[in-house]
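Taken in sequence, the protein lines are chains V and R. Each residue of the first sequence is one higher than the one before, starting from 77 at the first, in my numbering. Each residue of the second sequence is one higher than the one before, starting from 77 at the first, in my numbering. Note that CB positions come from ideal geometry on N, CA and C, so glycine has one too.
Number of protein chains: 2
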Amino acid sequence: MGRTTIHDIAKELNTTAATVSRALNDHPSISAAMKEIVRKTAHQLNYQQNRIASSLRSGKTFVIGVVIPSADISFFGSVIHGIEMVAKTHGYNVILFQTNERYEDEVQGIQTLLQSNVDGIIASITKETSNFDHFLEVKRRGIPLILFDRATDELGVSTVVIDDYKGAFMATEHLLQQGYTRIAHIAGPSHIKIFHERLRGYVDALAAHHIKIDEDLITYGKVSIESGRTCTQQLLQLQKNRPDAIFAVEDFTALGAMEAIKESQWNRPGQIGLVGFANEAFSAYITPSLTTIDQQTALMGQEAAKLLMDQQQAEQHHEKSPQKIVLEPLLIQRQSSMRRQTKQKTAS
Amino acid sequence: MGRTTIHDIAKELNTTAATVSRALNDHPSISAAMKEIVRKTAHQLNYQQNRIASSLRSGKTFVIGVVIPSADISFFGSVIHGIEMVAKTHGYNVILFQTNERYEDEVQGIQTLLQSNVDGIIASITKETSNFDHFLEVKRRGIPLILFDRATDELGVSTVVIDDYKGAFMATEHLLQQGYTRIAHIAGPSHIKIFHERLRGYVDALAAHHIKIDEDLITYGKVSIESGRTCTQQLLQLQKNRPDAIFAVEDFTALGAMEAIKESQWNRPGQIGLVGFANEAFSAYITPSLTTIDQQTALMGQEAAKLLMDQQQAEQHHEKSPQKIVLEPLLIQRQSSMRRQTKQKTAS
DNA sequence: CTGAAAGCGCTTACAG
DNA sequence: CTGAAAGCGCTTACAG
């Protein structure tokens with residue numbers, strides 16, 4: 077009864093725990109013969125290292141903490157998928173902590189992770205967070221910290237984000253290339269950075285193609301299906317300069333826009349172009365399927381984890397200066413933006 | 077430099093680490109006055125317990141391991157959401173391990189979790205797994221194990237599943253109540269338990285309403301959009317007894333069926349009823365919106381975590397006999413099954 | 001190449 | 001009510 081320890085193996089072989097430990101950890105000063113016999117015996121006795129004991133002594137836990145709003149949001153589910161995949165290949169485990177967008181939970185999460193002596197933390201901050209003391213404590217302890225998506229420059233840590241500006245630029249340019257000329261934008265609240273960036277991308281894409289910005293074609297929504305519908309109804313009521321295409325700030329807004337278009341008199345395929353942003357799970361399956369911008373969510377997690385793994389190495393040597401990784405958005409072309417409705421499948 | 081330990085607090089107060097430890101853990105034999113001063117000092121010195129050290133000594137880690145195919149699948153994302161929420165309120169952390177449906181990864185995951193001395197494991201087994209030795213090892217060590225969704229009776233552990241039979245029964249009965257009488261079923265591979273249960277629910281619902289089973293109306297698909305489309309095309313070609321409704325084994329199959337229906341001559345609203353299973357993210361947003369069965373995924377995680385928390389208590393006293401929790405499926409009524417197309421919104 | 005010894009930071013019987 | 005001491009299972013400078 078009771079798990080096999082290195083002492084059991086040592087006793088079996090008439091040697092010491094120190095030697096067994098070194099052998100199992102492939103320490104260079106142990107003879108090949110010794111390593112061999114130790115490993116064999118360990119296997120025979122069904123030995124499994126006690127990582128807790130190892131961690132306490134060595135100061136390394138091989139655990140990283142991930143702090144996200146909710147695993148129930150597909151975006152974050154996909155990111156932690158990427159994180160865990162990379163972490164695993166480097167021998168690290170992942171502790172998951174959800175904040176549910178609450179600042180207090182975030183503070184508590186960081187504290188628990190510090191108590192657990194994690195070797196690093198990857199986080200996406202809550203919408204509520206404006207005080208960063210808990211993250212500063214992480215830095216003060218010398219624990220590598222990576223922020224993704226919801227990042228801030230205030231902390232001077234490495235970040236992984238997607239290029240919202242470029243994504244919006246691509247979306248708008250795609251509509252132009254399809255031959256649309258009066259492209260409207262349903263924006264989100266401008267004080268939120270990602271939405272502001274998407275607005276900028278839209279504006280600059282038009283400018284780059286020498287199209288004058290028409291303020292009437294920019295409307296500010298509340299990032300919801302309902303809001304997308306309402307905004308679109310307004311846009312379609314414009315007397316002159318009615319838009320012939322809409323770039324919506326994200327897919328749910330686009331979905332509402334699509335409904336409004338379908339209910340309008342301009343409901344023929346290709347009549348009003350539409351592009352969303354996010355590549356939500358539903359966007360491939362609605363009718364018409366929605367052209368959108370993919371955010372490479374799993375890649376985002378992988379890159380964040382890779383940054384963290386790099387910093388694990390770097391710790392020994394010298395502090396690395398914070399890195400800023402900006403992922404390329406991907407244009408996913410589907411039916412909703414195609415000017416000429418060619419024969420296509422709904423799903424793609 | 078260096079974290080505050082209980083020894084630092086003890087020195088500050090001219091007492092011993094033992095007393096500090098007891099005070100912080102609210103041990104009954106410590107005076108209220110002592111507890112008060114210890115807590116104050118701990119706070120002043122910014123003390124945080126080292127959970128690793130605590131775990132090594134006490135044998136309890138307050139960590140549970142969760143083993144799932146992938147966090148990138150919305151079903152599992154939702155379940156781990158539920159698990160983490162409950163675990164947190166009980167002071168437990170969650171280590172996440174993904175198998176990506178590979179048996180070897182599952183074995184390795186269980187091994188890592190055992191090395192980390194987790195206090196319990198919640199898992200959903202891979203499609204590949206047919207050898208359960210790694211799970212038996214968990215049992216042998218006396219570590220509580222809970223299986224959800226992909227469960228097996230072979231291990232004699234507690235499980236949380238959804239009532240697939242009942243969900244299918246409800247789906248079929250709903251179509252009957254809408255006035256459909258020739259209800260077809262696109263089934264999945266029958267050797268997979270959940271699909272077989274859904275087939276049984278369909279058959280029994282018809283029987284309960286004295287409707288004779290027509291073997292021509294039961295077709296076996298491959299659980300994909302394409303398969304749903306093909307199967308539906310076949311069904312609609314039946315000369316006599318053409319179905320007036322279809323119950324699809326899951327939502328992607330239903331999506332393919334919906335496309336086939338729309339492309340057919342029976343494409344008027346309410347002409348052919350359709351119900352899916354799973355309440356996938358897209359199902360509310362396609363046109364028409366898809367009636368389906370919700371699997372209460374977050375609740376599944378919560379129930380699994382609650383079972384595990386119960387067993388943490390029980391361990392001290394006596395082994396609890398394994399429990400089997402069967403969750404109620406929820407019928408989500410949307411447009412695709414409505415006989416009379418009343419005025420409705422697309423999303424609900 | 002191997003061993004003896006100390007110690008990571010806690011918890012907890014055993015005394016008093 | 002508090003203290004002295006042992007020990008959880010490892011790792012790792014220090015000797016030889």
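CB contact flag (residue i, residue j, <8 Å)
i	j	result
V:Lys311	V:Ile322	According to the sequence shown, residue 311 of chain V is Leu rather than Lys. Yes; because the gap between Cβ atoms is below 8 Å, this pair is in contact.
R:Gly349	R:Asp327	no
V:Val143	V:Ile159	no
V:Thr137	V:Asn176	no
R:Ala336	R:Gln309	yes
R:Val233	R:Leu221	yes
R:Thr165	R:Asn122	no
R:Met376	R:Asp229	no
V:Val236	V:Leu366	no
R:Ala99	R:Arg115	yes
V:Thr140	V:Ile197	At residue 140 of chain V the sequence reads Ile, which differs from the Thr that was named. Yes; because the gap between Cβ atoms is below 8 Å, this pair is in contact.
V:Lys382	V:Val162	yes
V:Gln431	V:Ile156	This structure gives no information on residue 431 of chain V, because the portion of chain V shown stretches from 77 to 424.
V:Leu407	V:Ile369	yes
R:Ala244	R:Gly218	no
V:Ala324	V:Gly352	yes
R:Ser380	R:Ser154	Looking at the sequence shown, residue 380 of chain R is not Ser but Ala. No, Cβ-Cβ distance for R:Ala380 and R:Ser154 is not below 8 Å.
Cβ neighbour criterion (16 or more within 10 Å) applied to residue i
i	result
R:Arg410	buried
V:Lys316	exposed
V:Gly185	buried
R:Arg127	buried
V:Gln465	Limits of chain V in this structure are 77 at one end and 424 at the other, which puts residue 465 of chain V out of reach.
V:Val96	buried
R:Gly167	exposed
R:Lys242	buried
R:Ile289	exposed
V:Glu339	exposed
R:Asp102	exposed
R:Thr117	buried
V:Thr329	buried
R:His393	Note on R:His393: pLDDT 49, under 50, position unreliable in the model; the coordinate value appears next. Exposed, since its Cβ has fewer than 16 Cβ neighbours within 10 Å.
V:Ser105	exposed
R:Glu180	exposed
R:Ser424	Because the pLDDT at R:Ser424 is just 44, under 50, the model does not fix this residue reliably, and the value given afterwards should be weighed accordingly. Exposed.
V:Gly304	buried
V:Ala284	exposed
V:Gly255	exposed
V:Gln420	In this prediction, V:Gln420 scores a pLDDT of 46, lower than 50, which makes its location untrustworthy; no coordinate-derived value is stated.
V:Ser413	buried
V:Arg274	buried
R:Pro265	exposed
V:Leu172	buried
Please identify, using Cβ separations under 9 Å, the residues of the stretch 190-207 of chain R that lie next to chain V, in order along the chain. Leu190, Gln191, Ser192, Asn193
_Using a Cβ distance threshold of 8 Å, determine whether the stretch 105-113 of chain R contacts the stretch 147-155 of chain R, with at least three qualifying pairs required._
no
Exercise. What residues in the stretch 148-160 of chain R have a beta carbon less than 7 Å from any beta carbon of chain V?
Worked result: Asp148, Ser150, Gly153, Ser154, Ile156, His157, Glu160
*Residues, ordered as in the chain, of the stretch 335-360 of chain V that lie near chain R by beta-carbon distance below 9 Å*: Glu335, Lys338, Glu356, Ala357, Phe358, Ser359, Ala360
- request: Scan the stretch 210-226 of chain V for residues whose Cβ lies nearer than 8 Å to a Cβ of chain R and list them as they occur along the chain.
  value: Arg217
Notebook entry, point to check: Using a Cβ cut-off of 8 Å, which residues of the stretch 374-393 of chain R contact any Cβ in chain V, in chain order?
Noted result: Ala374
**OP:** Please list the residues of the stretch 117-140 of chain R that have a C-beta atom closer than 8 Å to any C-beta atom in chain V, keeping them in chain order.
**Re:** Gln124, Gln125, Asn126, Arg127, Ile128, Ala129, Ser131, Leu132, Thr137, Val139
Pairs of beta-carbons, one from the stretch 353-370 of chain R and one from the stretch 189-209 of chain R, closer than 8 Å: are there three or more? no
Quiz item: Which residue spans inside the stretch 185-259 of chain V form an unbroken alpha helix (DSSP H) run of at least 4?
Solution: 209-216, 240-253
Contact between the stretch 287-307 of chain R and the stretch 259-272 of chain R: three or more CB pairs below 8 Å? yes
Worksheet entry | Runs of beta strand (DSSP E) wholly within the stretch 262-348 of chain V (minimum 3 residues, chain order) | 294-296, 321-324
Check each residue of the stretch 239-260 of chain R: if its Cβ is closer than 8 Å to any Cβ of chain V, include it; give the result in chain order. none
Residues of the stretch 260-273 of chain V with a CB closer than 7 Å to any CB of chain R: list them in chain order, please.
none
When you check each C-beta in the stretch 314-332 of chain V against every C-beta of chain R, which residues fall closer than 7 Å? Leu331
- Item | Short-range partners of chain V found in the stretch 78-108 of chain R, where Cβ spacing is below 7 Å | none
- Task: Could you tell me which uninterrupted alpha helix (DSSP H) segments, each at least 4 residues in length, are contained entirely in the stretch 109-135 of chain R, listed from first to last along the chain?
- Result: 127-134
In chain order, each alpha helix (DSSP H) run of at least 4 residues that lies wholly inside the stretch 137-186 of chain R
150-165
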